[in-house]
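Colleague: Those protein sequences? They're chains A and B, same order as listed.
Under my numbering, the first residue of the first sequence is numbered 1, with each subsequent residue one higher.
Under my numbering, the first residue of the second sequence is numbered 1001, with each subsequent residue one higher.
Just so you know, even glycine gets a beta-carbon here, dropped at the ideal spot from N, CA and C.
Before anything else, here's the structure in question.
Number of protein chains: 2
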Amino acid sequence: MAEPLFDRLCLLGVGLIGSSIARVARQRSDIARTVVAHAKTPATLDRVRELGIADVVEADAARAVEGADCVVFCVPVGANAAVMASIAPHLKPGAIVTDVGSTKMSVFRDLAPLTPKGVHLVPAHPMAGTEFSGPDAGFAELFQGRYVIITPVAETDPAAVEKVRELWNRCGSMIETMDPATHDKVVAIVSHLPHLLAFTICSTADDLAEETKEQVLKFAASGFRDFTRIASSDPTMWRDVFLNNREALLEMLARFTEDSQALGRAVRWGEAGFIEDRIQRGRKIRKGLIDRKQA
Amino acid sequence: MAEPLFDRLCLLGVGLIGSSIARVARQRSDIARTVVAHAKTPATLDRVRELGIADVVEADAARAVEGADCVVFCVPVGANAAVMASIAPHLKPGAIVTDVGSTKMSVFRDLAPLTPKGVHLVPAHPMAGTEFSGPDAGFAELFQGRYVIITPVAETDPAAVEKVRELWNRCGSMIETMDPATHDKVVAIVSHLPHLLAFTICSTADDLAEETKEQVLKFAASGFRDFTRIASSDPTMWRDVFLNNREALLEMLARFTEDSQALGRAVRWGEAGFIEDRIQRGRKIRKGLIDRKQA
Chain A
1 MAEPLFDRLC LLGVGLIGSS IARVARQRSD IARTVVAHAK TPATLDRVRE
51 LGIADVVEAD AARAVEGADC VVFCVPVGAN AAVMASIAPH LKPGAIVTDV
101 GSTKMSVFRD LAPLTPKGVH LVPAHPMAGT EFSGPDAGFA ELFQGRYVII
151 TPVAETDPAA VEKVRELWNR CGSMIETMDP ATHDKVVAIV SHLPHLLAFT
201 ICSTADDLAE ETKEQVLKFA ASGFRDFTRI ASSDPTMWRD VFLNNREALL
251 EMLARFTEDS QALGRAVRWG EAGFIEDRIQ RGRKIRKGLI DRKQA
Chain B
1001 MAEPLFDRLC LLGVGLIGSS IARVARQRSD IARTVVAHAK TPATLDRVRE
1051 LGIADVVEAD AARAVEGADC VVFCVPVGAN AAVMASIAPH LKPGAIVTDV
1101 GSTKMSVFRD LAPLTPKGVH LVPAHPMAGT EFSGPDAGFA ELFQGRYVII
1151 TPVAETDPAA VEKVRELWNR CGSMIETMDP ATHDKVVAIV SHLPHLLAFT
1201 ICSTADDLAE ETKEQVLKFA ASGFRDFTRI ASSDPTMWRD VFLNNREALL
1251 EMLARFTEDS QALGRAVRWG EAGFIEDRIQ RGRKIRKGLI DRKQA
C-alpha cells in the first residue's frame, strides 16, 4: 500500500461524516499516520474514545490542529467561522484546510478571510450521508462509489487540491471539480430543496386534525415514508445548510412552487395532457438515473 | 386449507395489482376455483397467457364477467365508468363488485349508479405498489403486511364486505374500514401529494439549463433519487388519481404550499428557530413510523 497521504490528519467534528473518515483511516494505512479527533461535547469525546476510531481525542480545537498537515472541518457549516477563528493562529504553515459541508459559497465566505497566508483552503463536499448522525452513525464504506465535489477557485494551490482529491480517492469516492456557485445551485435542486419539501410535508401532516394525523401515521408507509426518511436528518446541520445556501435554495423553491401551482391548476381544470406530460418528465429523469446506474 | 372464497373470480385489468392478485390465487387454493383475467390490449392478453397466471384470459369484458361471483376493477380509476357500462348487464345476480383504485369517492360516483340491483359494490384500496407496472411487475407477496382500506357506505351489504375483507386477509393484508371521504383525504396527504411533489421536482429539474441538468442527473443520487423513484410510477394511473381526487389533493397542496412558503420566508429572514422547529416535526413523524414499525 502507498505511503500515508498525511502525517497528521485532524478531524474537527466526529459526526456521521467525520467519524466515517476516521474509520476509513483506521482501515487503511495510506491515509494518515496519526488521526486527531476534536469534538465539542464531552459525551462525543468519550464516545469517540470508546469507539477507538482516532489516535488522539482532543477537547481543545486549537490544540487539536497543532502540527496537523490536513485539517478537515466536519462541523455544521454555520459553525465554520467561529471554529476557524479559534484555530487559525495554531495552524501549521503549509497545512491544508478542507471541509465536508453541503454549501460551498458560504465556506469561502466564512473561511477564506480567516485562513492564514501559507495555509491552503480546499473546500469539498462528499455527497454521501444517511438520515443518522453522531459518531456511532459513521461507517468506512459511506463514501464508496459516491461523488465528492471539490470547489477550488483561481487562487487555490494545485498541489493542495491534488492531496484532497487523493484523500477522497482513497475513501473510494468519485471526484468532480466545480466552481462554488455552480455547486450551490446543483445541490439546491438535488438535495436541499428535496429536504425542504420533505420537512414541509411532515409539518403539513402534523398540522392535520388529530384524527387524520393518526391515520396519516398509520398509512404513511406508502409514498410518504420515503419523505419521512429524508426528513429525519440532523436538525442543526440542515438549519445551517438552508441558512447558508439561501439564494440558490429560494430560487429553486420559487421555480418549484410555480411548477407545482401549474400542476395544481391542471388538476383543477382537468387538463389531462398537461398532467401526463409532467408525469412523463419524472419518468425521463428516473430513466436518466437508471442509465447512469445511480438509481 | 379453507374452501375457495369464490367459484369464479374475474380481474378486469392485469397490471401490477391485478396480476399480483392473480398470482396469489395461483399460489393458494382458497381464493377462487377459476380466475378469469380481462385486459384491453392484445399484447397484455398474450403476456398473461404466457405467464400462465389466469385460468381464462378473455378479451371481451362483458364475457369475462359472466358467471363471476366476484369482479375486481383493476383499471385506472378514470376508466371505471366506461368499463362498468359495458359489463353491468352481464353481471351475475348477487355478484360482488370491488376495485383496487386509489380514490374512493370517485368510485362511488362512477360505479354506484351503474351497479345493477342485487349486485354488491364494495370499494377497496390496497395500499401497496411499486414504481413498476404491467403484468410482469406483479408478485404474490405484494400485499403481505400492507394495509387495505375498505370503504363501505350505509347501504353496503355486510356479507359482501366480509367476503372482500376475507379476500384481502388471504392476500396477507391488514384490513381497515373508513368512509370514502376520509379515505380520500388521508391518501391525498400520504400518497397523492407526495407523488405530485415528486413529479414536480423532476419537471423543475428538467427545466434547468442544459448544463445544470446534466449535473442534476449526475448528482441526483443523494436526496433527489428517492423522489425520482416515486416519480417513475404509471402515468395513466396517476393522471386518473389526480383528476379523481381533485378536491382533497388541491386542499392538501394549498396547505403544503402555505407551509413551504412559510419555511422559505424563514430561510430568507434567517429565522433559525422556525427552521429547526420544522425539521424537528419531520423527525417526530418519522419516529412515529418507527414506533409503529412502518419505517
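Compare the C-alpha of A:ARG225 against each of A:GLU131, A:GLY282, A:VAL241, A:ARG255 and name the closest.
Modeller: Looking at the Cα atoms, A:GLU131 is the closest of the given residues.
Colleague: With H, G and I counted as helix, E and B as strand and the rest as coil, what does DSSP make of A:PHE143?
Modeller: Correct three-state label for A:PHE143: coil.
Colleague: Are there 16 or more other CB atoms within 10 angstroms of the CB of B:ILE1290, so buried, or fewer, so exposed?
Modeller: Exposed.
Colleague: Which one or two residues does DSSP pair with B:GLU1176 in a beta bridge?
Modeller: DSSP lists B:ILE1149 as partners of B:GLU1176.
Colleague: Name the chain A residues that come within less than 9 Å of B:ALA1043, Cβ to Cβ?
Modeller: Chain A residues near B:ALA1043: none, gap ~19 Å exceeds 9 Å.
Colleague: Using the three-state DSSP reduction, which class does B:THR1044 fall into: helix, strand or coil?
Modeller: B:THR1044 falls in the helix class under three-state DSSP.
Colleague: Which chain A residues sit within Cβ distance under 7 Å of B:CYS1202?
Modeller: Correct list: ARG281, GLY282, ILE285.
Colleague: Considering only residues of the same chain and omitting the five flanking positions on each side of A:ALA220, which have a CB-CB separation below 7 Å?
Modeller: Answer for A:ALA220: THR228, listed in chain order.
Colleague: Tell me the rounded alpha-carbon separation between B:LEU1196 and B:ASP1259.
Modeller: So the two alpha carbons sit approximately 16 Å from each other.
Colleague: In chain order, what residues of the same chain have a beta carbon less than 6 Å from the beta carbon of A:THR98, not counting five sequence neighbours either side?
Modeller: These residues qualify, in order along the chain: VAL72, VAL122, ALA124, VAL164.
Colleague: Starting from A:PHE73, trace the beta strand (DSSP E) both ways and give me its first and last residue.
Modeller: Per DSSP, A:PHE73 belongs to the beta strand (DSSP E) from 70-73.
Colleague: Is A:ARG292 helix, strand or coil when you go by DSSP?
Modeller: Looking at A:ARG292 - three-state DSSP - the assignment turns out to be coil, as it is neither helix nor strand.
Colleague: When Cβ atoms are compared, which residues of the segment 186-200 of chain A fall closer than 9 Å to chain B?
Modeller: The segment 186-200 of chain A vs chain B, Cβ under 9 Å: VAL186, VAL187, ILE189, VAL190, SER191, HIS192, LEU193, PRO194, HIS195, LEU196, LEU197, ALA198, PHE199, THR200.
Colleague: For A:GLU271, name the three-state secondary structure that DSSP assigns.
Modeller: Looking at A:GLU271 - three-state DSSP - the assignment turns out to be coil, as it is neither helix nor strand.
Colleague: Would B:VAL1024 pass as a contact of B:ILE1017 if the rule is Cβ separation under 8 Å?
Modeller: Going by C-beta atoms, B:VAL1024 is not nearer than 8 Å to B:ILE1017.
Colleague: CB-CB under 8 Å to A:TRP238, same chain, minus the five flanking residues each way: which ones, in chain order?
Modeller: If we look at A:TRP238 and ignore the five residues flanking it on each side, its Cβ neighbours are HIS195, PHE199.
Colleague: Just to confirm before moving on: does the CB-CB distance between A:LEU201 and B:PHE1256 stay below 8 Å?
Modeller: Reading off the sequence shown, one finds Ile at residue 201 of chain A, where the question assumed Leu. Their beta carbons are under 8 Å apart, which means A:ILE201 touches B:PHE1256 by this criterion.
Colleague: Would you mind listing the alpha helix (DSSP H) stretches within the segment 83-120 of chain A that are 4+ residues and don't spill past its ends, in chain order?
Modeller: For the segment 83-120 of chain A, whole alpha helix (DSSP H) runs of length 4 or above, ordered along the chain, are 105-111.
Colleague: Could you work out which residue in A:LEU45, A:ARG286, A:THR156 is closest to A:THR115 when comparing CA atoms only?
Modeller: When only C-alpha atoms are compared, the closest one is A:THR156.
Colleague: List in chain order: all unbroken alpha helix (DSSP H) runs of 4+ residues lying wholly within the segment 209-257 of chain A.
Modeller: Fully enclosed alpha helix (DSSP H) runs of 4 or longer: 210-219, 224-231, 235-244.
Colleague: Taking 8 Å as the CB-CB limit, is B:MET1105 close to chain A?
Modeller: Not closer than 8 Å to any Cβ of chain A, the Cβ of B:MET1105 fails to qualify, so no.
Colleague: Does A:GLN144 have its Cβ less than 8 Å from a Cβ in chain B?
Modeller: With 8 Å as the cut-off, A:GLN144 does not count as an interface residue toward chain B.
Colleague: Are three or more beta carbon pairs between the segment 275-288 of chain A and the segment 1038-1050 of chain B nearer than 8 Å?
Modeller: Taking 8 Å as the limit for Cβ pairs, the verdict is that the segment 1038-1050 of chain B does not touch the segment 275-288 of chain A.
Colleague: Thinking C-beta only, is A:ALA188 closer than 8 Å to A:LEU249?
Modeller: Yes, Cβ-Cβ distance for A:LEU249 and A:ALA188 is below 8 Å.
Colleague: Buried or exposed, going by whether 16 or more other CB atoms sit within 10 Å of the CB of A:GLN215?
Modeller: It is buried - the Cβ of A:GLN215 has at least 16 other Cβ atoms within 10 Å.
Colleague: Count the CB pairs spanning the segment 1262-1269 of chain B and the segment 1095-1114 of chain B that are closer than 8 Å, and state whether there are at least three.
Modeller: Contact between the segment 1262-1269 of chain B and the segment 1095-1114 of chain B is absent, because fewer than three Cβ pairs lie under 8 Å.
Colleague: Could you spell out the range, first to last residue, of the alpha helix (DSSP H) harbouring B:THR1200?
Modeller: Counting along the chain, the alpha helix (DSSP H) containing B:THR1200 begins and ends at 1193-1207.
Colleague: What separation, rounded to the nearest whole angstrom, lies between the Cα atoms of B:MET1105 and B:ASN1245?
Modeller: Taking the straight line joining both Cα atoms gives about 8 Å.
Colleague: At the level of alpha carbons, what is the spacing between B:LEU1217 and A:LYS287?
Modeller: Near 10 Å, if we compare the C-alpha coordinates of A:LYS287 and B:LEU1217.
Colleague: Per the DSSP calculation, B:CYS1010 is bridged to which residue(s)?
Modeller: DSSP output for B:CYS1010 lists B:VAL1036, B:VAL1071 as bridge partner(s).
Colleague: Does chain A have any CB closer than 8 Å to the CB of B:TRP1238?
Modeller: True, the Cβ-Cβ gap to chain A drops below 8 Å.
Colleague: Terminal residues of the continuous alpha helix (DSSP H) containing B:VAL1161?
Modeller: Where B:VAL1161 is concerned, the enclosing alpha helix (DSSP H) stretches over 1158-1170.
Colleague: B:VAL1148 and B:TRP1168: beta carbons closer than 8 Å?
Modeller: Against a cut-off of 8 Å, the Cβ pair of B:TRP1168 and B:VAL1148 comes out as a contact.
Colleague: Note down, in chain order, every chain B residue with its Cβ under 8 Å from the Cβ of A:THR228.
Modeller: The answer, in chain order, is GLY1282, ILE1285, ARG1286, LEU1289, ALA1295.
Colleague: How many angstroms separate the CA atom of B:SER1029 from the CA atom of B:CYS1171?
Modeller: Looking at the two C-alpha atoms, the distance is approximately 12 Å.
Colleague: Determine the chain B residues that contact A:PHE139 at a beta-carbon separation under 8 Å, and present them in chain order.
Modeller: Residues of chain B passing the Cβ test: none, with the nearest at roughly 16 Å.
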